[in-house]
Structures are given as structure tokens and as C-alpha cells.
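Which chain is which? The protein sequence lines are A and B, in order.
All residue numbers in the first sequence are consecutive under the numbering used here, ending with 393.
All residue numbers in the second sequence are consecutive under the numbering used here, ending with 1440.
The C-beta atom is built at its ideal place from N, Cα and C for all residues, glycine as well.
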Amino acid sequence: MVMRHKRLLSTACTVFTAGLTVGLAASLSACSSGAAQPSNLVTVSSNQCGGAWSVQGPGWHTFQIDNQSTGGGEIDLIDPANGAIYAEVENTGPGTITPMRLNLGSGTYAFMCNFNDFDTQVGAKVTVGGHAKGTPAILPVSYNQTIPYAKKYQAHAEAGLKVLARKTATLAADVRAGDLTAAKKDWLTAHLRYQTLGAAYGTFGDYDGEIDGDANATGVNSPDWTGFYRLEYGLWHGQSAKELTPVAATLDKNVKALLAWWPAQQIPLSDVGLRTHEVLENALQFQLTGNDDYGSGTTLATTLANIQGTRYLLSLLRPLLVPRYAGLPAVYSGLGRLQSLIEKEHRPNGMWVPVSALPASARQAIDAACGAVLQSLAPIASITEPRNIANDF
Amino acid sequence: MTSEPREPSSTEPAPEPAGPPPGRRSFLRGLAGGVAGGVVAGGAGGAAAGYFSRSAPPAPAAADEAALTGRLPAVPFHGKHQAGILPGPTPVTAVVSFDVTAGDQASLTDLFQTLTDRARFLTAGGTPPPVGISGPPSDSGVLGPTVEPDGLTVTLGVGATLFDDRYGLASARPARLTTMTSFPNDNLDQAQCGGDLIVQLRAGSMDTVLHALRDIAKNTRGGMQINWRIDGFASPARPTGTVPRNLLGFMDGIANPSVASARDMNSLVWVQPGAAGEPSWTAGGSYFVVRLIRMLVEFWDRVDVFEQETMIGRRRDSGFPLDAASIHATPNFATDPTGDVIPLTAHIRLANPRTAATEPSRILRRGWNYDRGIDEVGDLDMGLIFTCFQQDIERQFKAVQTRLIDEPLVDYVSPFGGGYFLALPGVTGPSDYYGRALLA
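Below you can see the structure in the form of C-alpha cells.
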């Protein structure tokens, strides 16, 4: 499955290679076109954060952030009363000029500068008069605020892994005993349990590939292909209990290894927010396409498990989201719609309609609902990304 | 004729007009609406309205420049009719069929309003609003920080299936709208036929079209789902000053009614107010036929040029009718009743017999070439996106197509998809939206 690298805040000079190139291009084009007016140039460095600046009044405005420090930094335009952020420029390289564009409404503004190895600075307070509405500010989430959520998530996943380990033990025993009917049933419950933890796939590292990897890279006949989907392929393609016994045993062994490894891991603080849309991104890419159907036809059930996992993450982040994200009710109604459309495809015998067998209109409705909910989930990662916050707030 | 890309100026002289407030419509929830401004719309009747068009050809130098920079002036969005119908083919197009997945009529209205908002912004251009830390960017960035109009038009049509029992619109169905039926030489793939809606995007370059498609799809997610799509291009006229060729190597779309003639357009293209049996909301619309036609180019290239020319009825090199010495000469079928010069089965003769009786069956024909890879035996999958606009599909497209049944050309082409639609009446102003009279 997909690993996703999330930007790290200003940790190493190498990070700025790309930023530097972009910045230079911006600064060159600003010079050649004469677009950078001195009044819009905002100088930032390790000992000044914007200096004295002013604007004519409310309206669209582009500041040119001139980083004169020797290192990279993150520059925010904030409401100095509460630290809410109007606009942000991340990873400005030393010696670069980066535009920051927003619609300035009436209110009070200040630049906040975070440079590597320096304290956070807040610059001069500037008031924009009148009664104009501009780009709204959002209260940032601090690193400290995020830590409890990451910890809760880690404990939740650990509890889930313990349940999973019991289920994979049962599954391995079914196969060893030659009861493939029971194995199919227990395969599904175990796999769905794993998929509710999908939130963590990035952090499960190599274990995820061993436990839940598809055969896209290896092909279905490779001995290197292990895990749930390998077992599904065998169970639903007439492979014998003898042949599948080591497959199921390896799965169980890898789940237990993951369970032993997991509690000591440090979860990147931005992960919980990222996973709120990534779990269903993967469902759309691998389950609703049928890519990860190796015979059981249960990718709709897997998508439901992913919805359950997403719901857990949302419940975790809810205190952060309610005051910050007006689109949250649409997220919940979208999840409800997707869930009810999928539940219609649950067969009385407990199995599921494979996506490839869905009538076109039902499949379209499910895909559309999934696309819609993903669109509404997308802002959450940005809103809940941990940020440096000045000590004053 | 072309505008240089504008640097966002550091201090905009006037506040840009705000887009629709986020959250006003369900499909815009959480997504900021576009902000118009920043790019000046082209003058009324700008050259975009005549790009490659016979009636108003751009000066060659200007056309070359436009082709090089890929930027055409804005085509005004508001009007009695949709702006993408009359102008000749732009360099690129995308034809995209959607099925509506909105839950009820109110959501369908939201969908049409959102489509209107996006089309209005994308065709005018402007700078998408920054979103701060509130989410991913509102725009894909494919066109850079400022969206250039690049001659973009967005033409929206409705298919017969929209008028089933889902949205309570059965009684409002356009009188002459049906689903597309198969002709004897067709090989229709139902997965590439029909749709509740058709959106045709046309512009100066492919990035403009794909930017618009992504923007529209993103902002309408949940309300409609892509059913099938095809991208096309119009070739430059070769030699310069002639008519663009299709992938059979022949000039295509020579004999069109004049878009400059209001009389012709009112008698052939636009649904007229009070037309027999038509619901009043359809006035100003136009029936829109799309046919996806594979050309078996390998086979065609193994046919000698004389046989090719007698199948078409024109010279391949010059585009002249076989009985004349200029492109736009009217072939004189009356003096050739047995088809000694232009065979009775030649494409141009069957398609447009040039008789008083067949005048009302004329169509406004717009063709684009498509090219999309290879087939199962490694032959090239390319052909024609045939589109035409008319007042009455039965009287016009179907009459023409019926005359063409079993023409010799059918061995070299294979219609495999498309559909029948009604291109909606135009959006007349800032408070109007697509289908307002239908949904009111």
C-alpha cells in the first residue's frame, strides 16, 4: 500500500533545495517584471519579523516575504489577539522572496516567524480599518495539542491489534485443521478487523506489506507474496489446506510481530489528520476498483471497515475540528450516504456483491459518494497539521 | 490577439469581486468559489468566435501566434445561446458524458448552479483564491497562479435519461430528445453511449481543457459521475487558408450552413420559441448529437487515392468537389444524374444532396479528430468525434445518417459511441444558471 511522506517542518538544509529553486525563480520573475513593490516587501530574519509595514486598506494583497536569514523558516500572518493564522508560507529558503497572497479584511494582523534554532518572533501589530470581510483565519493546532490524540490513537490501534492477533490465530488453526469453510468466514472477520486499523498503514511500515500486500508487484504465484490477500487467493481458488497452512501461519506470525513492535513506535503527529482522508483514498483506489479482490468479492465490506476506521479518527479529532471546520457536518452526512449505499449490497448469506458484479448505476452511486466524502475530508489534514505557535497564545 | 500571462500585481488596484460564498451550495461546501477578475475578457465577437471558422478566419499571423502560445481570448459566457455552439473547432476539445448521482431535484439544481459558477469563472479566468491553512489549494495549479480563459467554452447538454422518474422532470422532456439508437453500420459499445449530461470543453490548448475538467469534476463531486469521455483536436488547415483535415486525410466540414446567417441558424440550429410540442424552457437550446467514429486508418491507407476520392466525392489534395475547381464550389449533382463524376453513393452526395427537399435536413457539423492508443491487434485507435447541432434530430441528423446507410465508406469507419442531447439555452446573466427555466 501507499506510504506518504508528509513535509517536516524545517529540519534540515536539504529540505530547502526545492524551496530555494522555486524561491529564486519567484524572485527573478519579480525583478524582471518589476512586480515587487518596496511597500510589499516584508523582510524576515532571525532577529526581525516583518518590521514596520502598512497597507492602503482592505482587499487582495500580495506580500513578498524576503528571507534575509541564513536558514529556512516558516512565516505566518496571524491575528495577534489569538494566534489564528490568515496565511502561511512554509519552508522559505534563505535569500529567497516568496509571495504570500490573501484578501485582507478589517482587523489586526502581525507576522509570526519561525526560524530553525531560533525562538518564535511576532512582529508589529498592524490594523486594517473599515468593515471589510477578508480571508478568514483559522486557529492553528500546536504540537502539544496533538500529542494526546496520537497517543490515544496508538493505544486504540494496539487494542485492535490484540483482537486481530486472536483472530489470525483462529484463522491459522482453521486452515491447519483443514476446515476451509470456517477459514473463509474467519478470514473475512480478521481482514475487516485489520482494515479498520487502516489508519496506521503508513506507520505499520514493512509489516503492512507482509500482512496486507497485494500481488501487483510479485504476481499471484510468487512465494514472496504473503498475508491476507495471498490467503484469500488460495482459499477462493481451490488451493489445499496443506498448501495454505504455512501461508496462514506466516500471517499470524507477522501480526504478532507487529503487535510486539507497535507500542514502542513514535507516531508522527500529523499522521492522524492525514489518515482521515488517506484510508478512504486507498479504499477508492484498491477496493472500489476491485484491485484487491482476490476471490472473496468482499471489497465493499473492506470499504465499510475503512469507513469505520475513518469514523474513529474523526471522533478522535472532533474537539479540534468543531471550532475550525465548517464542513464537518458534510463529512458525516457523506460518510452516512456512502455507508448506506454499500450496505445495500450485503447478501443475506453474509457475503457481498463484488464490485465487478454491481449494476452500473449502483457502482456509479457508490463511487460518486466516495469521491464526495473524500473531497470533504481533504481539508482536515491541513487544518489539524501541528504548527509552531507563539508562546503568547 | 493574445494576452501575455499576467503576474499577479503586488497591489491590486481594486478589490476583486468575491466568488460565491463557500457553503452556499452543497457541491461547493468546503471549496472556495473562484474569484473572477485579473484577466480581461476578450472583446465581444473576438477572434475566438471564429477560430478556424470559414466565416471569420483569424489573420494567419495572429492564428500562428495563438497556436504557439496556446492562448485564445476569452469567449463571453453569458448569452441567449451557449457560446460553444456556433464557433468553428478550437484546437482541442474534451467531450465528457456524466450520469447524475444527486439525490433529488434540489440537489440537481445545486449541481446546475455549481456547473454554472465554475463555467462562468473558468471561461472568464482570474486568480483562484488562496485558502490559507484551511485545506488543499482551491485550484489544481495546472494553468499557473492565474487562470487564463484561453478561448474556453463549456457547453452543457442534457440526455433523455435525465427525464426519467428520478427528478420529477418527465413532463418537461424536450419533444425531440430520445436516447441514441443504433444505425445498421454501427458497432455501439453501450459503455461509451448516452449519459444524463454531456459537457463539451473547447479551448486553445489541452492543459486549459483538462484544468477545466478537473475543476468541474472536483466541484461537483457526489452530484455527477463521469460515464465516458474522449479528447479531440482540430488540425490546422493544410495548406494554410484551406479547411482542416480529418485523419482520413480529407478536408472535413466544408459544407456547413453559415453561422453568420441568423436566418439559417434560426431555421436549422436553435430550438425556436413555440416550436411544436416543445416545452418552453428549451427555446434557445440546440439538439446536440455526438458520434464517436473509429477510422480504420490502416485499411484506408491500403486503398488507392482514386477509390478514396470517389467514396468521399472530393479530391484529397485540394478538397475540391470532383466536378469543380474550388473548395467551396457547390457540386452540381443535377447535371450528373447517373453519378459519372461524383458517384451516387459518394459521401458528400448522400450527406447533402443539395436539393430543396433536403435543405431542412442540413446540420451544423463540428468534427474533431481523436487519437487514443491502439486496439487488440496493435492497430491505431483513431478517428473522428463527430458532433452536430440542429433543431430536430429526426429531421436533420437522422435523415442525413439514414441516407448514408451502406455508403461505401462504412467499410473504413466504425461508429462505437456517442449520444443524443439537448444543449441547454444560454445562461443570460450573472443571476441566471443552466437549466433555470427547466428546474424552476
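Looking at A:P58, A:P223 and A:P99, the one whose alpha-carbon comes closest to that of A:G129 is A:P58.
Taking 7 Å as the upper bound on Cβ-Cβ separation, chain B lies near residues S376, A378, P379, S382 and I383 of the region 376–389 of chain A. Below the 7 Å Cβ cutoff, chain B contributes G1132 as neighbours of A:Y86, in chain order. Closest option to A:I267, judged by alpha-carbon separation, among A:A301, A:C49 and A:K151: A:K151. Taken in chain order, the region 41–89 of chain A contains no complete alpha helix (DSSP H) segment of 4 residues or longer. In the three-state reduction of the DSSP assignment, A:I97 falls in the strand class, which pools E and B. At a cut-off of 8 Å between beta-carbon atoms, A:R318 makes no contact with chain B. Distance from the CA of A:H346 to the CA of A:Q364, rounded to the nearest whole angstrom, comes to 17 Å.
Under the 8 Å criterion on CB atoms, B:K1398 is classed as non-interfacial with respect to chain A. With the rule of 3 Cβ pairs closer than 8 Å, the region 242–253 of chain A counts as touching the region 163–176 of chain A. Boundaries of the beta strand (DSSP E) harbouring B:S1097: V1092 to V1100, taken from the DSSP string.
Taking A:G309 as the centre and dropping the five residues before and after it, the same chain places the C-beta of T196, G198, A199 and V279 closer than 6 Å to its C-beta, in chain order.
Within the region 154–234 of chain A, the runs of alpha helix (DSSP H) at least 4 residues long that lie entirely inside it are, in chain order, 180–196 and 206–212. Beta bridge pairing from DSSP links B:T1358 with no other residue. In this structure, B:T1387 is the residue among B:T1387, B:G1429 and B:I1405 with its C-alpha nearest to the C-alpha of B:G1232. Contact annotation: B:A1423 and B:S1286 have beta-carbon atoms nearer than 8 Å. B:I1348 and B:G1088 have their alpha carbons spaced roughly 20 Å apart. Here the alpha carbons of A:D208 and A:G202 stand approximately 8 Å from one another.
With respect to chain B, the C-beta atom of A:L102 has a partner C-beta closer than 8 Å.
Every beta strand (DSSP E) of 3 residues or more that sits fully in the region 1238–1326 of chain B is shown, in chain order, as 1286–1295. Boundaries of the alpha helix (DSSP H) around A:I307: T299 to L321. In this structure, the alpha-carbon of B:G1378 lies about 11 Å from that of B:E1298. With 16 or more other CB atoms across the displayed protein chains lying within 10 angstroms of its CB, B:F1320 is buried. Take A:L341, set aside five residues on each side of it, and the residues of its chain with a beta-carbon closer than 8 Å to its own are A362, A365, I366 and A369, in chain order.
Pairing A:V331 with A:V272 gives a Cβ-Cβ distance that is not under 8 Å.
Contact annotation for B:R1221 against chain A: A368, G371, A372, L374 and Q375 [CB-CB distance below 8 Å, chain order]. Within its own chain, the residues whose Cβ lies closer than 7 Å to the Cβ of A:E232, once the five positions on either side in sequence are excluded, are W187, Y294, G295 and S296, listed in chain order. A:Y149 and B:I1085 have their alpha carbons spaced roughly 55 Å apart. Proximity of the region 1191–1211 of chain B to the region 1091–1106 of chain B meets the contact definition, three or more beta-carbon pairs being nearer than 8 Å. The region 1248–1256 of chain B makes contact with the region 1316–1333 of chain B: 3 or more CB pairs, one atom from each, lie closer than 8 Å. In the DSSP assignment, B:F1112 falls within the alpha helix (DSSP H) that extends over Q1105 to A1124.
In the assembly as shown, B:D1304 is an exposed residue. Its beta-carbon has fewer than 16 other beta-carbons within 10 Å.
Taking 7 Å as the Cβ-Cβ cut-off, the region 1089–1111 of chain B approaches chain A at D1099 and T1101, given in chain order.
In the structure shown, B:L1439 falls within a helical segment according to DSSP collapsed to helix, strand and coil.
Under DSSP, A:Q145 takes part in no beta bridge, so it has no partner.
Secondary structure of B:I1405 (DSSP, three-state): coil.
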